[in-house]
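Residue numbers (this note's numbering), protein chains in the order written: chain A, 1 to 114; chain B, 1001 to 1115.
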């Protein structure tokens, strides 16, 4: 079955450590997205990539970094510069980076930093 | 720029009652609108979308939504709630200005279904 795989499901880190969240898709989608979800705030866009080897900052990119070296992979690194990293992180993809293409989501990674 | 407002962060209905979740949008261009559902500790699943054409859109699990341009609304309805409908629901509008494919989400509405 095609889909988006995020791993791990739960992640615990100490403050000051960088951590990388994995996102892999086998849908052959061109575009990929990272959103952050906090209670009562909906989803906020961190980074997105419309094509391999290219990515753009979203609304809350500070303290995060990404890479898009392969079409199927879009890992997100949460750096120590992110002031409040504890959140639920969702990866999504769409067949094309166009306004009428719905996003398909993975099951998320819940990151807790103490 | 586009934005979405969901009215009511929590909605509670009895099983078998009508479900109405409200969404209003702001957009300087004809909007593309989406409703997603999220079950606890899971990702989002697409319920339905409106891009062009018929303003009454039918989705999965018996849900439907009507695009009303004059009211800038895209409310989600279901005639009869089921216990399995309890979840969080998100309305979203597409970024048509940049045509990046990214979605702008509302803050979500948690639906509680009472037996």
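Built from N, CA and C at the ideal position, the CB exists for glycine as well. Please read all numbers here as calculations on a predicted model, not as lab measurements.
Tell me residue 1065 (chain B)'s beta-bridge partners as DSSP assigns them.
-> Residue numbering aside, residue 1065 (chain B) sits at position 65 when the second chain is read from its first letter. Beta-bridge pairing links residue 1065 (chain B) to B:1057 and B:1076.
Counting only the same chain and skipping the five closest in sequence on each side, list residues whose C-beta sits under 6 Å from that of residue 1014 (chain B).
-> Your numbering for residue 1014 (chain B) matches position 14 in the second chain. Leaving aside the five residues that flank residue 1014 (chain B) on each side, the residues in its chain whose CB is nearer than 6 Å to its CB run, in chain order, 1114.
Rounded to whole angstroms, what's the CA-CA distance from residue 46 (chain A) to residue 78 (chain A)? Just pull it up for me.
-> The residue labelled residue 46 (chain A) in the question sits at position 46 within the first chain. The residue labelled residue 78 (chain A) in the question sits at position 78 within the first chain. Each residue's Cα considered, the two are about 11 Å apart.
Looking at the structure shown, is residue 1084 (chain B) part of a helix, part of a strand, or coil, going by DSSP?
-> Counting from one through the second chain, the residue named residue 1084 (chain B) turns up at place 84. Residue 1084 (chain B): helix per DSSP, three-state reduction.
Compute the Euclidean distance between the alpha carbons of residue 8 (chain A) and residue 21 (chain A), then round it to the nearest angstrom.
-> Here the question's residue 8 (chain A) lines up with position 8 in the first chain. Here the question's residue 21 (chain A) lines up with position 21 in the first chain. Going by C-alpha positions, residue 8 (chain A) is about 7 Å away from residue 21 (chain A).
Assigned secondary structure, residue 1032 (chain B) (DSSP; H/G/I helix, E/B strand, else coil) = Start at 1 with the first residue of the second chain, and residue 1032 (chain B) comes out as number 32. Of the three classes helix, strand and coil, the one that applies to residue 1032 (chain B) here is coil, per DSSP.
Within chain B, partners of residue 33 (chain A) - CB distance below 7 Å | For the purposes of this step, residue 33 (chain A) is taken as residue 33 along the first chain, with counting starting at 1. Under the 7 Å cutoff, chain B gives 1102.
Taking the DSSP output, what are the residues bridged to residue 54 (chain A)?
-> The residue given as residue 54 (chain A) occupies position 54 in the first chain. Under DSSP, residue 54 (chain A) forms a beta bridge with A:51.
How about residue 1094 (chain B) and residue 61 (chain A): are their beta carbons less than 8 Å apart?
-> Your numbering for residue 1094 (chain B) matches position 94 in the second chain. Your numbering for residue 61 (chain A) matches position 61 in the first chain. No, the Cβ-Cβ distance between residue 1094 (chain B) and residue 61 (chain A) is not below 8 Å.
Under 7 Å between beta-carbons, which chain C residues line up against residue 1049 (chain B)? List them in chain order, please.
-> Of the chains in the structure shown, none is chain C; the protein chains are A and B.
Around the Cβ of residue 1006 (chain B), are there at least 16 other Cβ atoms within 10 angstroms (buried) or fewer (exposed)?
-> Within the second chain, residue 1006 (chain B) is the residue found at index 6, counting from 1. Counting Cβ neighbours within 10 Å, residue 1006 (chain B) comes out buried, since at least 16 surround it.
Under three-state DSSP, which class holds residue 61 (chain A)?
-> In the first chain, counting from the first residue as 1, residue 61 (chain A) sits at position 61. Reduced to three states, the DSSP call for residue 61 (chain A) is coil.
Return the chain-ordered list of same chain residues with a C-beta closer than 8 Å to the C-beta of residue 1112 (chain B), the five sequence neighbours on each side being excluded.
-> Taking the first residue of the second chain as 1, we reach residue 1112 (chain B) at position 112. 1010, 1011, 1012, 1013 and 1086.
Nearest-angstrom Cβ-Cβ length linking residue 1038 (chain B) and residue 1088 (chain B), presumed shorter than 8 Å | Here the question's residue 1038 (chain B) lines up with position 38 in the second chain. Here the question's residue 1088 (chain B) lines up with position 88 in the second chain. About 5 Å separates the two Cβ atoms, so the contact holds.
Starting from residue 10 (chain A) and walking both ways along the beta strand (DSSP E), at which residues does that stretch end?
-> As a position in the first chain, residue 10 (chain A) is number 10, starting the count at 1. It spans 10-13 - the beta strand (DSSP E) in which residue 10 (chain A) sits, taken as one unbroken run.
Using 8 Å as the limit for Cβ to Cβ distance, is residue 1112 (chain B) near chain A?
-> As a working note, residue 1112 (chain B) is residue 112 in the second chain. Not an interface residue.
What three-state label does DSSP hand residue 92 (chain A) in the structure shown?
-> Indexing the first chain from 1 puts residue 92 (chain A) at position 92. Strand at residue 92 (chain A).
Span of the beta strand (DSSP E) holding residue 1047 (chain B)?
-> Stepping through the second chain from its first residue, residue 1047 (chain B) is reached at position 47. Start and end: 1044-1050.
Can you find a CB in chain A that lies within less than 8 Å of the CB of residue 1096 (chain B)?
-> Here the question's residue 1096 (chain B) lines up with position 96 in the second chain. Answer yes: the Cβ-Cβ gap between residue 1096 (chain B) and chain A drops below 8 Å somewhere.
Using a beta-carbon distance cut-off of less than 8 Å, what residues from the region 48-60 of chain A approach chain B?
-> 48, 50, 56 and 58
With 16 other Cβ atoms within 10 Å as the buried cut-off, status of residue 41 (chain A) = Locating residue 41 (chain A) in the first chain gives position 41, where the first residue counts as 1. Classification for residue 41 (chain A): exposed.
How do the region 80-95 of chain A and the region 17-34 of chain A stand: do at least 3 beta-carbon pairs fall below 8 Å, yes or no?
-> yes
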